[in-house]
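Visitor: Chains as they are written, first to last, in the working numbering: chain B, 1 to 379; chain Y, 1001 to 1299.
Just so it is clear, CB atoms sit at the ideal spot from N, CA and C, and this is done for glycine as well.
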């Protein structure tokens, strides 16, 4: 009596089996690389750019025949820019998907969630843009292809001194490892260089009201305000500062570079400064080729630093894989640690003893509603 | 001195928004004796409606701003009534705890629905400047027109609410239900109508709060209601839950304390902690809140 239902059942079974059979036939054991990115949520702009950069790198690698005779397969998990989600995503990628390496995250706090999981599983992790020193201190399997907070904080302190700002107030986020790190190293260099910090104000991630802190800063008569945070808060802070009649320049780190800074900030972010990893206006052939390829692949969008770092993170990993001749975790780790003068989009990348990259920083400003390159500061 | 006055203005405009949201908590509690935790999402939806409509209206006009505000209030009222009709009414008469947990469920549901990329997505979006933007300066003291709009609208709505509750038949019925639902029904009060009306009124205020909040802090996202909602709940308890002037007072106190603490360099890290510590202190001295009547009931 169940006979009429049999065809239905069979087709269901066929459907369930088909995708598996299809991938198995086409891909013949690809090299699985996991990526944890903030594709939605507060820092989605970072996540989107770095993901697009990473995906472009994987496509370029596959088009060139892959590595070790195999193609790459990129498995991407979204953490919605939320605390806690990255650890879950990384665990899934490691234990269920059995990836050979992890790429991500942009935000330091979320990279710090992923790092212990990669370290325990003895799988190399390459963060494209987490600049907090603690990320790679987690263990010897954790790498990054960007410079770190001490360098970025130092650069911005030098920049402030160069501009002749004698009194700089700081407004840091207490709940973000990135912000606290940048603030600390800025303070050290700036004070050593003879600057005065008249006010050190704090806020928490996802705060929307900064009137109180800004009013207090205004009363100190600071020449400029250092806000090492992410673009959503930076835009609101700039807006509220202008509302309160604060006209001094605001400046921050690479966390400011995102389109929402311009959209939400509007005219309030004109004349701000921030440091970042590369400029798409750089005339080096590596940069120009990348910009061209990226624009062609992603509908004319100009790649920012996150995209370039995402690209470099996958490329550095593939380079190490070639040299290691295997995808074995330990050997891959050793090869990554030996990376020297790899010419990527964001400049020459060498991995130092702390598994960090050393490279130059670019300073940007906002002019007529657009990001504009100001100068480059070498390490 | 100017700094203190400036912080006071900042605090009042923040507190006025807390007060608007707190009124919704307090009114529902007064009538139904339960905390509507979905209220903070009604607040969020109010801001979303304002965002959707504000994009199609010319920016910086008074009439445009009022249209956005009214539409957000109407939309939020509708949402509040719908939630009550679909979710809370079937549960009426069961243990308060069931309704309370359900309210948290509704809150999470709304958050998740709005986080879906097809509905809104998790990325914050810019709220248009629907009201005219101007800076009014008295020496060093700067008051933005948005802050003025917030304080004025909030004050007006609170006065209107007070008139509705104490000068209309519906208001009298509401107070009767708050006093004793059974007795109110015996003398001919339509319980369902009163409860729907309460939800509509409270939700409309939350919707207005949402638009005003988004006006001052122009980035709108699905989780934007969580923190203000929590603070407003604290404000309602602080002022004495069930009391309308209490909710307004609680909101203003909380907003001002938070801002004053946030402005001092040593304490700005503990801004939220101190706001909540104030709550604990006041509740220790006055368990029913500042203006609450003492009852034997527990939440």
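Indicate the three-state DSSP secondary structure (helix, strand or coil) for residue 1287/Y in the structure shown.
Guide: Position 287 of the second chain, counted from the start, is the residue given in the question as residue 1287/Y. Looking at residue 1287/Y - three-state DSSP - the assignment turns out to be coil, as it is neither helix nor strand.
Visitor: Near residue 195/B, which residues of its chain fall below 8 Å by C-beta distance, leaving aside the five closest residues on each side in sequence?
Guide: Working through the first chain from its first residue, we reach residue 195/B at position 195. Within the same chain, Cβ atoms closer than 8 Å to the Cβ of residue 195/B are found at 157, 160, 161, 165, 166, 167 and 168, the five residues on either side in sequence being excluded.
Visitor: Report yes or no: is there a C-beta of chain Y within less than 9 Å of the C-beta of residue 181/B?
Guide: For the purposes of this step, residue 181/B is taken as residue 181 along the first chain, with counting starting at 1. It does not; no Cβ of chain Y falls within 9 Å.
Visitor: Just to confirm the assignment, what range does the beta strand (DSSP E) spanning residue 1099/Y have?
Guide: Working through the second chain from its first residue, we reach residue 1099/Y at position 99. Note, residue 1099/Y: premise wrong, no beta strand (DSSP E); alpha helix (DSSP H) at 1096-1115.
Visitor: Go ahead and pull the three-state DSSP assignment for residue 65/B.
Guide: Taking the first chain and counting its residues from 1, one reaches residue 65/B at position 65. In the structure shown, residue 65/B sits in coil (DSSP, three-state: anything other than H, G, I, E or B).
Visitor: Go ahead and label residue 970/Y buried or exposed: buried means 16 or more other beta carbons lie within 10 angstroms of its beta carbon, across all protein chains shown.
Guide: Chain Y is shown only over 1001 to 1299; residue 970/Y falls outside these bounds and no answer can be derived.
Visitor: Do residue 241/B and residue 210/B have their C-beta atoms within less than 9 Å of each other?
Guide: Against the first chain, residue 241/B aligns to sequence position 241. Against the first chain, residue 210/B aligns to sequence position 210. For the pair residue 241/B and residue 210/B, the CB atoms are nearer than the 9 Å cut-off.
Visitor: Between residue 389/B and chain Y, is the shortest Cβ-Cβ distance under 9 Å, so that the two count as touching?
Guide: What is shown of chain B runs 1 to 379, which leaves residue 389/B out entirely.
Visitor: Does any CB atom of chain Y fall closer than 9 Å to the CB of residue 236/B?
Guide: The count along the first chain starts at 1 and reaches residue 236/B at position 236. Cβ-Cβ to chain Y under 9 Å: yes for residue 236/B.
Visitor: Ends of the alpha helix (DSSP H) at residue 220/B?
Guide: Start at 1 with the first residue of the first chain, and residue 220/B comes out as number 220. Run containing residue 220/B: 211-220, per the alpha helix (DSSP H) assignment.
Visitor: Examine chain Y for any beta-carbon lying closer than 9 Å to the beta-carbon of residue 191/B, and answer yes or no.
Guide: If you number the first chain from 1, residue 191/B lands on position 191. No, residue 191/B lies away from the interface with chain Y (no Cβ there is under 9 Å from its Cβ).
Visitor: Between which residues of its own chain and residue 298/B is the CB-CB distance below 6 Å, once the five residues before and five after are set aside?
Guide: For the purposes of this step, residue 298/B is taken as residue 298 along the first chain, with counting starting at 1. Answer for residue 298/B: 52, listed in chain order.
Visitor: For chain Y, is any of its Cβ atoms less than 9 Å away from the one on residue 223/B?
Guide: Mapped onto the first chain, residue 223/B falls at position 223. No, its Cβ sits nowhere closer than 9 Å to a Cβ of chain Y.
Visitor: If the cut is a Cβ gap below 8 Å, which residues of chain Y does residue 228/B touch?
Guide: As a position in the first chain, residue 228/B is number 228, starting the count at 1. Residues of chain Y whose Cβ lies closer than 8 Å to the Cβ of residue 228/B do not exist; the shortest such Cβ separation is about 15 Å.
Visitor: Considering residue 201/B, what are the terminal residues of the beta strand (DSSP E) in which it resides?
Guide: Within the first chain, residue 201/B is the residue found at index 201, counting from 1. Where residue 201/B is concerned, the enclosing beta strand (DSSP E) stretches over 200-203.
Visitor: Please report the distance separating the alpha-carbon of residue 231/B from that of residue 1081/Y.
Guide: Taking the first chain and counting its residues from 1, one reaches residue 231/B at position 231. Taking the second chain and counting its residues from 1, one reaches residue 1081/Y at position 81. For residue 231/B and residue 1081/Y, the distance between alpha carbons rounds to 37 Å.
Visitor: By how many angstroms is the C-alpha of residue 1125/Y removed from the C-alpha of residue 1136/Y?
Guide: Numbered from 1 along the second chain, position 136 holds the residue referred to as residue 1136/Y. Numbered from 1 along the second chain, position 125 holds the residue referred to as residue 1125/Y. Spanning the two alpha carbons is a distance of roughly 27 Å.
Visitor: For residue 40/B, which residues from the same chain have a beta carbon less than 8 Å from its beta carbon, with the 5 sequence-adjacent residues on both sides left out?
Guide: Within the first chain, numbered from 1, the residue matching residue 40/B stands at position 40. Excluding residues up to 5 positions away in sequence, 47, 78, 80 and 81 lie with their Cβ nearer than 8 Å to the Cβ of residue 40/B in the same chain.
Visitor: Thinking residue 1003/Y and residue 216/B are a contact (beta carbons under 8 Å), I'd like their distance in whole angstroms, please.
Guide: Counting from one through the second chain, the residue named residue 1003/Y turns up at place 3. Counting from one through the first chain, the residue named residue 216/B turns up at place 216. Indeed, because the Cβ distance is near 7 Å, the residues count as touching under 8 Å.
Visitor: Helix, strand or coil for residue 1013/Y? Go by DSSP, reduced to three states.
Guide: The residue labelled residue 1013/Y in the question sits at position 13 within the second chain. Reduced to three states, the DSSP call for residue 1013/Y is helix.
Visitor: What is the DSSP secondary structure of residue 144/B, counted as helix, strand or coil?
Guide: Here residue 144/B corresponds to residue number 144 of the first chain, with the count starting at 1. Strand, per DSSP.
Visitor: Hey, is residue 1105/Y's beta-carbon within less than 9 Å of any beta-carbon in chain B?
Guide: As a position in the second chain, residue 1105/Y is number 105, starting the count at 1. Not closer than 9 Å to any Cβ of chain B, the Cβ of residue 1105/Y fails to qualify, so no.
Visitor: Nearest CA to the CA of residue 87/B: which residue from 73/B, 74/B and 102/B?
Guide: The residue given as residue 87/B occupies position 87 in the first chain. Measuring from the Cα of residue 87/B, the nearest candidate turns out to be 102/B.
Visitor: 9 Å is my cut-off, CB to CB: does residue 1318/Y come that close to chain B?
Guide: The structure shown does not extend to residue 1318/Y, since chain Y is modelled only from 1001 to 1299, so the question has no answer here.
Visitor: Just by C-beta distance, which residues in the region 1084-1108 of chain Y are closer than 8 Å to chain B?
Guide: Residues of the region 1084-1108 of chain Y with a C-beta atom less than 8 Å from some C-beta of chain B do not occur.
Visitor: Hey, is the region 1176-1192 of chain Y in contact with the region 190-208 of chain B, meaning 3+ C-beta pairs nearer than 8 Å?
Guide: no
Visitor: Give the residues of chain B in contact with residue 1246/Y, contact being defined as C-beta atoms less than 7 Å apart.
Guide: Against the second chain, residue 1246/Y aligns to sequence position 246. Going along chain B, no residue has its Cβ under 7 Å from residue 1246/Y, so there is no contact; the nearest lies around 23 Å.
Visitor: On a Cα-Cα basis, can you pick out the residue from 110/B, 353/B, 31/B and 135/B that is closest to residue 97/B?
Guide: Here residue 97/B corresponds to residue number 97 of the first chain, with the count starting at 1. 31/B is the residue among 110/B, 353/B, 31/B and 135/B whose C-alpha sits nearest the C-alpha of residue 97/B.
Visitor: Since residue 1046/Y and residue 1206/Y are thought to touch, with beta carbons under 8 Å apart, how far apart are those beta carbons, to the nearest angstrom?
Guide: The count along the second chain starts at 1 and reaches residue 1046/Y at position 46. The count along the second chain starts at 1 and reaches residue 1206/Y at position 206. Yes, they are in contact, since the Cβ atoms of residue 1046/Y and residue 1206/Y sit about 6 Å apart, within 8 Å.
Visitor: For residue 1158/Y, collect the residues of the same chain with a Cβ closer than 6 Å to its Cβ; drop the 5 residues on either side in sequence, then sort them by chain order.
Guide: Working through the second chain from its first residue, we reach residue 1158/Y at position 158. Closer than 6 Å at Cβ, skipping near neighbours: 1248.
Visitor: Just the chain Y side, please: which residues come within less than 9 Å of residue 292/B by C-beta, in chain order?
Guide: In the first chain, the residue the question calls residue 292/B occupies position 292. Within chain Y, no residue comes near residue 292/B; the closest Cβ sits about 28 Å away, beyond 9 Å.
Visitor: Please list, in chain order, all residues of the same chain as residue 346/B whose beta carbon is under 8 Å from its beta carbon, the five residues on each side excluded.
Guide: For the purposes of this step, residue 346/B is identified with residue 346 of the first chain, where counting begins at 1. Excluding positions up to five away in sequence, the list reads 145, 146, 277, 278, 305, 308, 309, 312 and 359.
Visitor: Using the C-alpha atoms, what's the distance from residue 1115/Y back to residue 1038/Y?
Guide: What you label residue 1038/Y is simply residue 38 of the second chain in a count that begins at 1. What you label residue 1115/Y is simply residue 115 of the second chain in a count that begins at 1. The alpha-carbon atoms of residue 1038/Y and residue 1115/Y are separated by roughly 16 Å.
Visitor: Please state the DSSP three-state secondary structure of residue 25/B.
Guide: In the first chain, counting from the first residue as 1, residue 25/B sits at position 25. Low confidence applies to residue 25/B: its pLDDT is 41, below 50, so where it sits in the model is not reliable, and the reading given next is rough at best. Correct three-state label for residue 25/B: helix.
Visitor: Quick one: what's residue 367/B bridged to in DSSP?
Guide: If you number the first chain from 1, residue 367/B lands on position 367. DSSP lists 370/B as partners of residue 367/B.
Visitor: Measure the alpha-carbon distance for residue 1099/Y versus residue 1107/Y and round it to whole angstroms.
Guide: Your numbering for residue 1099/Y matches position 99 in the second chain. Your numbering for residue 1107/Y matches position 107 in the second chain. Each residue's alpha carbon lies about 12 Å from the other.
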